[in-house]
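Everything below concerns the one structure shown next.
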Amino acid sequence: MKVYRTDEIRNVVLLGHGGSGKTSLAEAMAYVSGATNRMGKITDHNTISDFDKEEQKREFSISTTLLPIEWEKAKINILDTPGYFDFVGEVEEAVSAADAAVIVVSGKSGVEVGTEKAWELCDKYKLPRMIYVTEMDVDDASFRQVVEDLNERYGKVIAPHFQPIRENEKLVGYVNVIKNAGRRYTGIGQREECDIPDYCKPNLETYREKLLEAVAEISDEYMERYFAGEEFSVEEIRAAMRTEVMEGRIVPVAMGSNVQAQGVANLLSDIVRFFPSPDWRECAGINRKTNEIYEANYDFAKAKSAYVFKTMVDPFIGKYSFVKVCSGVLKGEDTLYNADSETDEKLGKIYTMVGNKPVEVKELFAGDIGAIAKLTNTKTGDTLSAKTTPVLFGKTEYSKPYTYMKYVTKNKGDEDKVSQALQKMMAEDITLKAVNDSENRQTLIYGMGDQHLEIAVSKLLERYKCEVTLETPKVAFRETIKKNSDVDTKYKKQSGGHGQYGHVKMKFASSGDLDTPYIFEETVVGGAVPKNYFPAVEKGLQESVVKGPLAGYPVVGVKATLYDGSYHPVDSSEMAFKTATIQAFKKGFMEAGPVLLEPIASIKVVVPDDYTGDVMGDLNKRRGRVLGMNPIAGGLQEIVADIPMTGVFGYCTVLRSMTGGRGTYSYEFARYEQAPSDVQEAEIAKRAAEE
């Protein structure tokens, strides 16, 4: 592939609901542009984008894929993203590298939750956008309905500039609203002029009026001409649209059929025509040497710098770091400095990726997207730059994973192998986390939802031959006491020669401090227990609080006072006093009103107004206490509640099904509270069964 200058590059992310047709659109784009000579199908498992075995098996995208396309003397870097919410990290990576977005909407399913989320992401990253309505070759597809729904949600920015011509429920051509002319398809990427059918004219008038109104708003001069009834030329309309699209004041709506590759050539031309090149956007970091702001701004004349927005780790083709060049021109054999890991990285060859196929390029200009193989000290979010101008760019914010399960290796001794495989998967997927919960002797895996975790397990087996099973995780309960107790414990053992003798009298009470396992005091008088045995008594306490006598959970908030005891000048030892203390603790703890404490999380649930009743009802079922509601812009409510950690388990799936995927939540540990008696009894019974 030839080298393209910054002004010839378009970085475009495909966004939309799962199943709306993003991957098949990317495939049609590659075919129409001549990047491939055959059009793959998702059902045939041969598309460029969905090359991973998991994607082929499930027939939907899991990862973001790069697809560079050459069209009208420009290079379009297409970033094809997953549509399902469990893979939002991949979408966030792609959006951080894109300069514009095509939101794909199914003409059959219409505007869905994924459409709304895509729009929100474009707002967050200030991306110019277009909407492309797919499946216009399907019987019950309706372009008019999609446009009406978009108008209702997003108002006057929506500007359809193509309209389908359908005969016998089949897409046979289109009306170009800008040119006010009809076109009939004659072959792939080919069309001829035709008359506009009468049945298209009422909608066409509405669409054209809307478009011209939007164009007129570009200046007072245009507005005067519009009101005077003057016609704008095609060039004037397009020039005005480019400005309006880049500033987000117009969102053009196009349409077509991915399967028939109809409407795709128009879309590619619109991308080149209306979307900005990277140097239209600002890009600034910090110069580590001077601590001043470094304005990279995708200027190829400045010192080299690049941001690593994604990592691909493939067992067969190795590790590739996907970069967006922020300034300068990257060349093979460059040595760049990683300001995050403070190491030098020799680049070797530079590639552009076509799906999972690396294609070597000589250089990458500022604003271009490419990949570098085998960077050992570089991870997603790092900055590479010239050592003379060491730069750090701000890291992309990713959604935090809150869904978790315990994982257990199927074969004994596979723990290290699984751990190493997970490290590679976490390097690739920023929203996947593995955590060692040593306190509960379990390893946890965190993801964006149940499907995310299930696919991670499947990948472990498929790619790395590691078999694990997912189980319900243990909740980190605590044990404490509510009352006081006074115990007298003697440990005596005689077995020929030296015996063992330790005798303690101890009081146990609540310390009131649930952050500290125990407080130890001694009030021994007259040397009943010599001072040199006090550390042994404390050691006994230390060991005892690790696993409480009630249900085997760590102990907190206990005050232990050693006030008396006795010793034997020959048989007493540290070991004997430690053992006596352990026995005293067990007895004293169980006599002092032992209770189980459960972890309470502070949860925030953000949902549209319509769902607040259902969500609050469900939180109550989970023993949650709703503390309040805060209205948020866009007709949303934030519900704040306290909820036991046991109630958080499985919440992701329930919330999504309750709100049609519109609800989001986050939580953090708040404190411990006494568990209700039924919960306590169940946990004690569970422990007894385990033993």
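In this text, residue positions in the sequence shown follow UniProt numbering: the first is 1, and each later residue adds one.
Just so it is clear, CB atoms sit at the ideal spot from N, CA and C, and this is done for glycine as well.
Nothing here was measured: the structure is a model prediction, and the numbers come from that model.
Check, Outcome
"Test item: CB-CB of M658 and D618 under 8 Å", "yes"
"With 16 other Cβ atoms within 10 Å as the buried cut-off, status of A228", "exposed"
"Alpha helix (DSSP H) runs contained entirely in the region 584-668, provided each spans 4 or more residues", "612-621, 645-648 and 651-659"
"Distance between T311 and V475 (C-alpha atoms, nearest Å)", "33 Å"
"Nearest-angstrom Cα separation, counted from D515 out to G565", "29 Å"
"DSSP state of V363 mapped onto helix, strand, coil", "This sequence places Glu at residue 363; Val is not what is there. DSSP places E363 in strand when its eight states are reduced to three."
"Contacting residues, own chain, Cβ-Cβ under 7 Å from N180 (five flanking each side not counted)", "R208"
"Same chain, Cβ closer than 6 Å to A100, neighbours up to 5 away in sequence not counted", "V12, L127, P128 and F275"
"Close-in-space but distant-in-sequence residues of the same chain around F393 (CB under 7 Å, 5 per side omitted)", "G285, Y307, C326 and T383"
"Beta-carbon spacing of G370, Y298 below 8 Å", "no"
"Environment of I47 [buried if 16+ CB atoms lie within 10 Å]", "In the sequence as displayed, the identity of residue 47 is Thr instead of Ile. Result: buried."
"Beta-carbon proximity of S277 to T6, cut-off 8 Å", "yes"
"From M405, N356 and E345, residue whose alpha carbon lies closest to that of P390", "E345"
"I643 vs R623 beta-carbon contact at 8 Å", "yes"
"Bounding residues of the alpha helix (DSSP H) (the contiguous stretch that carries E193)", "Segment Q190 to C194 is the beta strand (DSSP E) holding E193; no alpha helix (DSSP H) there."
"Touching by the beta-carbon criterion (3+ pairs, under 8 Å), the region 233-248 and the region 192-200", "no"
"I76 versus M29 - alpha carbon distance", "10 Å"
"Anticipated Cβ contact below 8 Å, P68 with M1, distance rounded", "6 Å"
"C-alpha distance - T388 paired with F365, whole-angstrom precision", "19 Å"
"Residue span of the beta strand (DSSP E) that contains W71, given as start and end", "T65 to W71"
"Helix, strand or coil at V3 according to DSSP, with G and I counted as helix", "coil"
"K410, buried or exposed, once every other Cβ within 10 Å from all chains shown has been counted against 16", "exposed"
"Beta-carbon spacing of A214, Y222 below 8 Å", "no"
"N-terminal and C-terminal residue of the beta strand (DSSP E) that T469 is part of", "V468 to E471"
"Through-space distance from P160 to E93, alpha-carbon basis", "29 Å"
"Alpha carbon of T579 to alpha carbon of F585, nearest angstrom", "10 Å"
"Nearest-angstrom Cβ-Cβ length linking G421 and C466, presumed shorter than 8 Å", "A quick correction: the sequence has Ala, not Gly, at residue 421. Their Cβ separation, rounded to whole angstroms, is 5 Å, which keeps A421 and C466 in contact under 8 Å."
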